[in-house]
Amino acid sequence: MISRVVLNLKMHKTSGLLDAYAAMNIPCDVLLPFPYLGQAAERFQGTQLRIGAQNVSEFSHGAYTGQVSLEILQDIGVSLVMVGHQEVPDSTKVVMKKVQIAQQAGFDIIYCLGGKSVADLDHQLAGLSSMDGLTFAYEPDGSIGTQQSASIESINESVDYIRARIRQHFSSNVQDIPVLYGGSVNNKNCQDILGNTSVDGVLIGGASLNLPVLEEVLNICKRF
Ligand code: PGA
């Protein structure tokens, strides 16, 4: 089995990397700055790569200067969106609204969960009305961009907690609760994270920009 791999290119000038990504022989989601989405869609045709957006407006359309709606994303062929990333200054309420409208629009959604405690996780999970389209990305405070990934114990504890809470929340047998880990994933810690936790894959930021490091990470992901 190949672990799910999501690359978050944040606000980096990444047009120069698209060809290198296209040459990678692994199914991979690439979350790009909005202006590169169309270009990347063309370059990634016939590959195993899928493009996604790093954020979306909470509004469906209208006079919201500088924002991009789900409808616009759909119009250019995007069906994957990330919400709730720590670097986006949204309230939990706004994040939940984005999750819900993306679910209604049939998007695949990467919902970033984080914080410092299980109370924070509870807060972020409380408003969910279904698991439609959802993959969670567990990214605890202090782990993003720090070279300090969370410990294996704390990843396992939190991921188990998320899955248990979801099962309890929907009081049903939700079979599949995909959870990724994100936060300083690199070629040194990836094997440990995938081999010793129950995560379904990784969300990679900084290491996406360093091709030799990324190649090593992807080779590890192919084994899990
Ligand atoms: P990082 O970013 O890998 O650079 O810590 C992860 C993320 O932003 O999701």
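Residue 150 in our numbering sits at position 135 of the sequence shown, with consecutive numbering throughout. Glycine residues also receive a C-beta, built at the ideal position from the N, C-alpha and C atoms. All values derive from a computational prediction rather than experimental measurement.
Query raised in the report: What three-state label does DSSP hand I192 in the structure shown?
Result: On the sequence shown, position 177 is the one that residue 192 refers to. Secondary structure at I192: coil, using DSSP grouped into helix, strand and coil.
Requested in this report: Give the secondary structure of V103 by DSSP, where H, G and I count as helix, E and B as strand, and everything else as coil.
Outcome: Position 88 of the sequence shown, counting from 1, holds the residue named residue 103. Here V103 sits in coil by DSSP.
Query - When I87, V232 and G130 are compared against D207, the one with the closest alpha-carbon - result: In the sequence shown, counting from the first residue as 1, residue 207 sits at position 192. Of the candidates I87, V232 and G130, the residue whose Cα lies closest to the Cα of D207 is V232.
Query raised in the report: Among A37, V133 and N201, which one has its Cα closest to the Cα of S173?
Result: In the sequence shown, the residue the question calls residue 173 occupies position 158. Of the listed residues, the one whose Cα sits closest to S173 is V133.
Report task. Could you round the C-beta distance between E154 and G216 to whole angstroms and report it? I think they count as a contact, below 8 Å. Result -> Working through the sequence shown from its first residue, we reach residue 154 at position 139. Working through the sequence shown from its first residue, we reach residue 216 at position 201. Not a contact, Cβ separation roughly 13 Å.
Query raised in the report: Are the region 22 to 38 and the region 70 to 77 touching, with three or more C-beta to C-beta distances below 8 Å?
Result: With fewer than three CB-CB distances shorter than 8 Å, the region 22 to 38 does not count as touching the region 70 to 77.
Report task. Could I get the ranges of all uninterrupted alpha helix (DSSP H) runs contained in the region 38 to 82, with 4 residues as the minimum, in chain order? Result -> Under the rule that a run must span 4 or more residues, the alpha helix (DSSP H) segments found entirely inside the region 38 to 82 read 52 to 58.
Query raised in the report: Excluding the five sequence neighbours on either side, which residues of its own chain have a C-beta within less than 8 Å of the C-beta of N188, listed in chain order?
Result: Taking the sequence shown and counting its residues from 1, one reaches residue 188 at position 173. Taking C-beta separations shorter than 8 Å and ignoring five residues to either side along the sequence, the partners of N188 in its chain run R182, following chain order.
Query raised in the report: Can you tell me the Cα-Cα spacing of I177 and L195, whole angstroms?
Result: Taking the first residue of the sequence shown as 1, we reach residue 177 at position 162. Taking the first residue of the sequence shown as 1, we reach residue 195 at position 180. In this structure, the CA atom of I177 is about 11 Å from the CA atom of L195.
**Report entry** Cα-Cα separation, E57 to S213
**Finding:** On the sequence shown, position 42 is the one that residue 57 refers to. On the sequence shown, position 198 is the one that residue 213 refers to. So the alpha carbons of these two residues sit roughly 34 Å apart.
**Report entry** Cross-strand partners of I87 (DSSP beta bridge)
**Finding:** As a first step, residue 87 must be located in the sequence shown, where it is residue number 72. As far as DSSP is concerned, I87 takes part in no beta bridge.
Query raised in the report: If I235 and L209 are in contact, beta carbons under 8 Å, what's the gap, nearest whole angstrom?
Result: Counted from its first residue, the sequence shown places residue 235 at position 220. Counted from its first residue, the sequence shown places residue 209 at position 194. Contact flag correct, Cβ pair sits at about 7 Å.
Query raised in the report: Can you tell which of R238, L229 and M26 has its C-alpha closest to the C-alpha of V103?
Result: Along the sequence shown, read from residue 1 onward, the residue named residue 103 stands at position 88. Looking at R238, L229 and M26, the one whose alpha-carbon comes closest to that of V103 is M26.
Requested in this report: Could you round the C-beta distance between C43 and Q69 to whole angstroms and report it? I think they count as a contact, below 8 Å.
Outcome: As a working note, residue 43 is residue 28 in the sequence shown. As a working note, residue 69 is residue 54 in the sequence shown. The C-beta distance from C43 to Q69 rounds to 15 Å, too long to fall under 8 Å, and the pair is not in contact.
Query raised in the report: Could you check where the beta strand (DSSP E) with R238 kicks off and where it finishes?
Result: As a working note, residue 238 is residue 223 in the sequence shown. If you look at R238, you'll find it isn't in any beta strand (DSSP E); DSSP assigns it neither H nor E.
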